[in-house]
Amino acid sequence: MSSGENPWVEVLSQPQQKSTGDIVPYFNEQAKLLSQASDGKVKGLFSQTSEINITLSPTLEALSAMSKVFQDVASASALDQTPKVDLMNADDLYKKNSYCFEIRSDRYRFRVFTIEFDPSYPVVMSIDRGVCNDLEKIHDRYKFKEAEPCNVTIQDDEDLDRVFNQLLKSEKLVYICNRLMNEAN
49 MSSGENPWVE VLSQPQQKST GDIVPYFNEQ AKLLSQASDG KVKGLFSQTS
99 EINITLSPTL EALSAMSKVF QDVASASALD QTPKVDLMNA DDLYKKNSYC
149 FEIRSDRYRF RVFTIEFDPS YPVVMSIDRG VCNDLEKIHD RYKFKEAEPC
199 NVTIQDDEDL DRVFNQLLKS EKLVYICNRL MNEAN
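Going by my numbering, the first residue of the sequence shown is number 49, and it counts up by one from there.
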């Protein structure tokens with residue numbers, strides 16, 4: 049059946065991929081820096097996409113609550129084949145996350161991008177079409193057909209920083225930030 053070698057030795061000796069563990073702190077810091085630069089008049093928000101979308105739609109919030117009830121009922125009626133212990137589900141360690149970065153004032157919000165990632169790179173950032181159109185003038189990386197989403201694949205933390213700093217050069221983004229700042233005055 050097997051050659052006598054332990055196959056798990058090979059699994060455990062493989063190098064891990066580049067971690068995405070710094071993405072959330074990086075963008076939380078960027079949101080904080082935006083608020084500081086604008087004296088709190090313009091704020092950045094980096095949060096899970098589902099949480100932001102729920103706050104934007106009461107219907108989505110109701111559907112989410114109903115979904116949670118159905119999940120609880122389904123899990124309560126399932127037969128438990130294993131002894132009860134306080135173990136966390138390790139599948140949660142490798143879940144896919146969807147976050148978005150928005151710029152907000154008291155009256156407006158603008159979603160700059162959505163980023164989907166699991167614990168390792170590469171990740172995919174879906175950039176606002178107008179921002180992407182601005183950036184395609186300076187870099188081929190942002191050239192997409194009009195019908196395609198502006199999905200940029202990011203390879204590591206350094207690439208993430210490079211892409212974000214390029215986003216800050218978008219005419220649309222600069223205009224919106226300044227307009228929100230001026231309206232707060």
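Think of the CB as a built atom: it goes at the ideal place given N, C-alpha and C, for glycine as much as any other residue.
message: Just verifying my parser: in three-state terms, what is the DSSP assignment at L141?
response: helix
field: Reduced DSSP category for I202 - H, G, I as helix; E, B as strand; rest coil
entry: strand
field: Beta-carbon gap between T201 and V172 smaller than 7 Å
entry: yes
message: Output needed for Y156: all residues of its chain with C-beta closer than 7 Å, excluding positions within five of it in sequence on either side, in chain order.
response: L228
message: By the three-class DSSP mapping on this structure, what secondary structure does V90 have?
response: Three-state DSSP puts V90 in coil, outside helix and strand.
field: Three-state class that DSSP yields for R210 in the structure shown
entry: helix
Per-residue burial, T68 [other beta carbons within 10 Å of its own, 16 or more giving buried]: buried
- prompt: CB K66 to CB A232, shorter than 7 Å?
  reply: no
task: With a cut-off of 8 Å on the beta carbons, I'd call D166 and Y147 a contact; round off their distance for me.
output: Not confirmed; about 12 Å, so no contact.
task: Would you kindly report the start and end of the unbroken alpha helix (DSSP H) that includes V133?
output: No alpha helix (DSSP H) holds V133; DSSP gives it neither H nor E.
query: What's the C-alpha gap between L127 and E206?
result: With a pLDDT of only 48 at L127, under the threshold of 50, the placement of this residue in the model should not be trusted; the figure read from the coordinates follows. Approximately 47 Å between the Cα atoms of the pair.
field: Per-residue DSSP class, three states only, for S61
entry: Note: S61 maps to helix in three-state DSSP.
Backbone secondary structure at R155 - three-state DSSP: coil
- request: Report, in whole angstroms, the separation of the C-beta atoms of Y169 and D204, which I expect to be a contact under 8 Å.
  value: 5 Å
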